[in-house]
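Under the working numbering, think of the first position of the sequence shown as 322, with each following residue one higher.
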Amino acid sequence: MLRVENFDVAYGHLQILRQVSLSIGGGEIVAILGPNGAGKTTLLKSVMGLVPPKAGKVFFEGREVTGRPTFELARLGLAFVPEERNIFQAMSVEENLLLGAYCCRDKARKAANLAKVYAMFPRLEERRRQLAGTMSGGERQMLAIGRGLMNNPKLIILDEPSMGLSPANVLVVFEAIKTLTAQDVTILVVEQNVHATLAVASRAYVMEHGAVVMEGSSAELSGNEHVKRAYLGLAV
Ligand SMILES: Nc1ncnc2c1ncn2[C@@H]1O[C@H](COP(=O)(O)OP(=O)(O)OP(=O)(O)O)[C@@H](O)[C@H]1O
Ligand SMILES: [Mg+2]
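What follows is the structure, given as structure tokens:
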């Protein structure tokens, strides 16, 4: 469904990504793991047309989309929920969600999507009239993911969805991720919460210093000595 080939990305003269390649099949949950500064967010931004790659290509459903603007990718079925959870603070929860459905004009479909998001995150429905700026960190994260879903994406890209959440809210987010794949949404997720991520992901890539250093099934990676030591905090 999504394929990234030999990506090189630089900020000015500073090269961040080197020859990064990955692929995600329809219906998969694929994770990208790696330490702070490894280039994970840069990779996602570059795929989403927010940072132009110096070299390399992106294909979505077989067609090349390298460097296409974000709104065009959204129209093709790609949703991106960034680390910064850009929600509109002075608007209500429901207004924020409806903004996410900007490319479907069909009112019935919009209402159906809204109902789906509320079923996934009942907290958002309880708070639908509350100003988004007064929502807690966990609630905002649910809102950011919910908004991404309002466009009926085929693939949703999540940058650290569990960052800053309480253990209970981390569970809510991972449950939502599982529910999504049951609804045929493919997921690419960057996470620091390696244990929980490998439990839901089918495969993962490990990035270090701007390059993919390892890839494999979640089972393979969970058993890998380097992953255990560096990411799962297990003494080997
Ligand atoms: N706009 C920018 N200009 C210059 N350097 C940048 C810019 N954005 C990121 N970087 C640098 O690129 C490197 C990779 O950053 P990136 O945000 O992609 O890492 P990350 O893997 O997402 O890390 P984290 O886990 O902390 O979110 C870092 O060294 C960062 O300082
Ligand atoms: Mg990041």
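Even for Gly, the Cβ is constructed at its ideal location relative to N, Cα and C.
These numbers come from a predicted model, not from an experiment.
Can you find the residues in the same chain that come closer than 6 Å, C-beta to C-beta, to residue i, ignoring five residues on each side of it along the sequence?
{"i": "L536", "result": "The amino acid at residue 536 is misidentified as Leu; the sequence shows Glu. Cβ within range, chain order: Y526."}
{"i": "R389", "result": "G370"}
{"i": "K475", "result": "G398"}
{"i": "G469", "result": "A400, V402 and I477"}
{"i": "T584", "result": "This structure gives no information on residue 584, because the portion of the chain shown stretches from 322 to 557."}
Excluding sequence positions up to five away, which residues of its chain have a Cβ less than 7 Å from the Cβ of residue i?
{"i": "K361", "result": "I353, G355, V511 and M528"}
In angstroms with no decimal places, state the Cα-to-Cα distance between residue i and residue j.
{"i": "P403", "j": "M484", "result": "11 Å"}
{"i": "T455", "j": "L553", "result": "34 Å"}
{"i": "V548", "j": "L542", "result": "6 Å"}
{"i": "L435", "j": "L501", "result": "14 Å"}
{"i": "V281", "j": "F442", "result": "An answer regarding residue 281 cannot be provided, because it is not within the stretch 322 to 557 covered by the chain."}
{"i": "I337", "j": "A429", "result": "44 Å"}
{"i": "E446", "j": "H334", "result": "47 Å"}
{"i": "E496", "j": "D505", "result": "15 Å"}
{"i": "P373", "j": "A331", "result": "9 Å"}
List the endpoints of the continuous beta strand (DSSP E) containing residue i.
{"i": "T507", "result": "T507 to V511"}
{"i": "S367", "result": "It is not in any beta strand (DSSP E) - S367 instead sits in the alpha helix (DSSP H) that spans K361 to V368."}
{"i": "G377", "result": "A376 to F381"}
{"i": "V341", "result": "L335 to I345"}
{"i": "E326", "result": "L323 to Y332"}
Which residues does DSSP list as the beta-bridge partners of residue i?
{"i": "E536", "result": "Y526"}
Could you please give the first and the last residue of the uninterrupted alpha helix (DSSP H) stretch that includes residue i?
{"i": "F409", "result": "Taken as a continuous stretch (DSSP letters only), F409 belongs to no alpha helix (DSSP H), as it is neither H nor E."}
Legend entry - Shell residues, 7 Å Cβ cut-off relative to heavy atoms of ligand 2: Close to ligand 2, as judged by a C-beta nearer than 7 Å to any of its heavy atoms, are the residues K361, T362, E404, D480, E481 and V511, in chain order.
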